[in-house]
Structures are given as structure tokens and as C-alpha cells.
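This report concerns only the one structure given below.
Protein chains in written order, with our numbering: chain U, 26 to 353; chain C, 3 to 137.
Here it is, written out as C-alpha cells:
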């Protein structure tokens, strides 16, 4: 076990060297918030952020894992190394998770140029966005030419991933319902490239046309997402998909949109780090969680309101004298 | 603040296609709050150990019904040794394995092996106890 502070040097060097075992350990330390997390992340950070993170999302059963498998094979054919992160939901009831994306990645699991990591969403502490972003930054620091992040397209998770990825590929299938369904789910908003997978099935062309027309309603954007068709299980359409991802990447750089996204990402990341540190120092180290619990009965009985209690806590901690009652 | 979860790889080596047992165990482990990486059928020892390293699991659990346990378990142990995760990662599993073979495999370095009809609760408890004893 690599847990002593001194050993993080070796771990960091291993990640930067593209060694999978070190990479795997570093990711665990980050996921578990173990000692060394901050040191590792801050040391790896400068090597990351390269614009080569591609998120792949869509409903379950759309063939995302198979598509990732074939896309990774395609990159390997060009002698590029690939880091893959597969995110699946944690059961809210048990806290456990069943992570089965590797089942469909048999083409690449033994390729030494491919690293695959499965990740559960775990608790909401810090949101998935942060944990996934941090794991992605480790993958980037290994120097792989491509980073693929696969998520099941449900609600907040995919929005968080969209934040973390440079290019988002939305995968739909004829049987996953019509384009309107997808629009409702917010998928149409986040896609940079759309894929109709299992395109040999009935309804594929109809779905493609429908997506095109919904995208036509997206105004004020310079990038018009292409809508591709693939049959991932047969490897068809994969080259076109890789080309579309590359075009989007080039557009990000040429248009300045990539730069804009990087700036906003850095802003929110630093704000998150500061807010997390403040919250921890207030609630845990400062002991104000206990104080809040003592106030609880008063609020429950209607003798106090949450705002005045918050004011008391802020004032006692010395962080803020009072709430701004003019704000909304 | 740590949020450590037990991570466990559930795999079926060999050529037989009966993965029901492995699926039942995988679901039980998930319901016990563990993160289960399920790799499915026809896994070679190389695939299993490679996945265990990349996923940084605490436990490898193999389901073997084909009678080839005396081949698969030692092969996985050998690769675990090569990768330097032996002693750090628990190798356990189950299937149709005669009592005598279980003892022989345990001597070679596997953990407890479970036969047909085992209550999944016993497997969960065994893994939890092992994990607590380690940390």
C-alpha cells in the first residue's frame, strides 16, 4: 500500500510516466479523499487540461460501452494511447454499485495502451462534477492522447460530465424513444456530436432526421453538431465519429470557445475548492454542525427561522456579520 | 475525511457460459454497499489481473463451475504475484469445488472459497471481516 506521505513522490512520477498501477492508486486516493489527495492533484494539474477529453453519454442500452470500445480501438490503430473513465450510478439505497461497462470492452481490455477505470457516483458530497473532473485530470496527466468518459445519460450526472469534457457525444438509438424525449432529458442541449447507433434498426433514419430538425432550433451557436449513424457492434461509422470529434476539437481552438470554457472551468474549480475548505472548517473543525443541531428544535417549533440561525452561526464564526437581506 | 468503499472484481474465467451465480453474488455485494466491477464471461487470468490493477480493487472474486478451478486460481495467483498485488488483494471465489481442492488452493494463497448453496450473506460477511482485519 502506498499511503505514507513520502511515497506520493513515486506515485506522482508514476502517473506522469503513464504507469497504470500508479494511476489506479492515485485515482483511489482521490475518490476516497485519502491523505495526499491535494498534493497529488496540485502536482499533476499543470500536465493536464489538453482539450482531448471526450464525454460519451446517452440512455442505457444505447451502446455507449461498445462505441467506446471501438473508438478506443480506432485510436489504438493510430498508435494513440487511451484513458477511459466509465461512470455509473451508486445505489441510493445501499451505497453500493454494479459497474459493468468492461463487459463490452473486450477488444481493448488487454491492450497495454489502454487504461480503463470504473467509477461510481457515490454520495453527493462535492457533486460528481468535482470527483470526475479530478479523476479525469489524473488520466490527462498520464499523457494519453485520448481520454474518453462514458456516463449513463440521466439528469445531473451527464450535465456534470458535460462540464468536465471538451467534446460531448450524445448516443441515441431508435428504440430509446423519439428525439423529443431526448430533448426533454436535456441531452440535446449538451451534445457537440450526435450519434444514432444501431443504425440498421427500424426508425434510425427517422430519428436522425428528427435530431437534425431539433438541432435546427438551436440558435445563436456557431458549432452545428453533426448527426452521425453508427453500428458500433460491427465497427461501422467509427472513423467518421473520430473525425467529427477531431473537427469539434479544432473548432474549439479556432473559435476561442475552448479558451472560454477553460476559463470558466478554472473559475468554478477554484471557487469549489475554496467553498469546500470553508465549509469543512466551519461545520467540522469549527464545530458549528453541533451548534446547528442545538438550534434545530427552535426552528422546528417555529421560534426561530433558518436565516436568523444562519446569521448567528456566521457571526459567531467571524466569517460574516450578517446576511445581505437586500439580495434575493 | 475518507469515503472508502470496498471495491471488488467479480469475474468468470474459462469457457462455461453459466453466469447466474456470479450475477447473484455481484448483486448481493452491491446491496451490501460494495462497488462491484463485473467483467462477465470468458475472462482469462490476464484480463482478470489486469482489470484488478487498473480498478485498484480490494478483492477478486471468481466464479468457476467448469471444474477448472485447479487451473484458474493458481494462474490468477501467479499473475497477482507478478503484478505485486498478492497479499494486498484478496483472491476468493466459489463454484463447484471439492473440499479437498479448496484446502489445496487455500494453501497456495487463495482466501475462503464457497460452494453451491452458500448464503450470500456469508460471503458478504467474510469479505467485510477480511477488509476490517486489513485496515
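Backbone N, C-alpha and C define an ideal beta-carbon position, used for all residues, glycine too.
The model shown is predicted, which means the values in this text are computed figures rather than measured ones.
Not flagged as an interface residue toward chain C: residue 321(U), since no C-beta distance is shorter than 7 Å. Per the DSSP secondary-structure output, residue 82(C) pairs with nothing in a beta bridge. When C-beta distances to chain U are compared with 9 Å, the residues of the segment 27-43 of chain C below that value are 28, 29, 31, 32, 33, 34, 35, 36, 37, 38, 39, 40, 41, 42, 43, in chain order. With the rule of 3 Cβ pairs closer than 8 Å, the segment 9-18 of chain C counts as touching the segment 70-85 of chain C. The Cβ atoms of residue 36(U) and residue 49(U) lie no closer than 7 Å to each other. A straight-line Cα-Cα distance of about 12 Å links residue 289(U) and residue 191(U). Closest in alpha carbon position to residue 52(C), among 323(U), 67(U), 138(U), 335(U), is 138(U). Secondary structure of residue 110(C) (DSSP, three-state): helix.
Think of a sphere of 8 Å around the beta carbon of residue 32(U): no beta carbon from chain C falls inside it, the nearest being about 14 Å out. Under the three-state reduction of DSSP output, residue 36(C) falls in the coil class, being neither helix nor strand. For residue 141(U), the nearest CB of chain C lies under 7 Å from its own CB, placing it at the interface with that chain. Assigned with DSSP and collapsed to three states, residue 134(U) falls in coil, not helix or strand. For residue 49(C), the enclosing alpha helix (DSSP H) stretches over residues 47-56. Residue 175(U) and residue 112(U) do touch by the CB rule: their CB atoms are close to 7 Å apart, below 8 Å. Its Cα nearest to that of residue 18(C), the residue 71(C) stands out among 109(C), 129(C), 71(C).
Take the alpha-carbon of residue 303(U) and the one of residue 134(U): they are about 41 Å apart. Counting only residues of its own chain and dropping the five nearest sequence neighbours on each side, residue 323(U) has a CB closer than 7 Å to the CB of 329.
Closer than 7 Å at the C-beta level to chain U, one finds these residues of the segment 55-78 of chain C: 55, 56, 57, 58. For residue 44(U), the closest C-alpha among the options 156(U), 273(U), 325(U), 141(U) is that of 141(U). Comparing C-alpha distances from residue 319(U) to each of 78(U), 335(U), 214(U) shows the shortest one belongs to 335(U). Ranked by Cα distance from residue 58(C), the first of 63(U), 54(U), 95(U), 65(U) is 54(U). Residue 218(U) has 194(U) as its beta-bridge partners, per DSSP. Going by beta carbons, residue 28(C) and residue 40(C) fall inside the 7 Å limit.
Excluding residues up to 5 positions away in sequence, 126 lie with their Cβ nearer than 6 Å to the Cβ of residue 34(C) in the same chain. For secondary structure counted as the beta strand (DSSP E) over 3 or more consecutive residues, the segment 251-334 of chain U holds these complete runs in sequence order: 252-254. At a cut-off of 7 Å between C-beta atoms, residue 25(C) does not count as an interface residue with respect to chain U.
Around the beta-carbon of residue 47(C), 16 or more other beta-carbon atoms lie within 10 Å, marking it buried.
Check the Cα spacing between residue 255(U) and each of 59(U), 42(U), 223(U), 158(U): the tightest is with 223(U).
Any Cβ of chain U closer than 7 Å to the Cβ of residue 49(C) would place that residue at the interface, and such an atom is present.
In the structure shown, the three-state DSSP call for residue 145(U) is strand.
Rounded to the nearest angstrom, the Cβ distance from residue 78(U) to residue 165(U) is 7 Å, consistent with a contact under 8 Å.
Listed along chain C, the residues sitting closer than 8 Å to residue 120(U) by beta-carbon distance are 7, 35. Shown here for residue 98(U): same chain residues with a beta carbon closer than 7 Å to its own, the five before and five after excluded, namely 132, 133 in chain order. Of all residues in the segment 97-111 of chain C, none has a C-beta nearer than 8 Å to a C-beta of chain U. Annotation for residue 345(U): no beta strand (DSSP E) segment contains it, and DSSP assigns it neither H nor E.
The beta carbon of residue 282(U) sits closer than 8 Å to the beta carbons of 247, 248, 276 from its chain, once the five residues preceding and following it are set aside; these are given in chain order.
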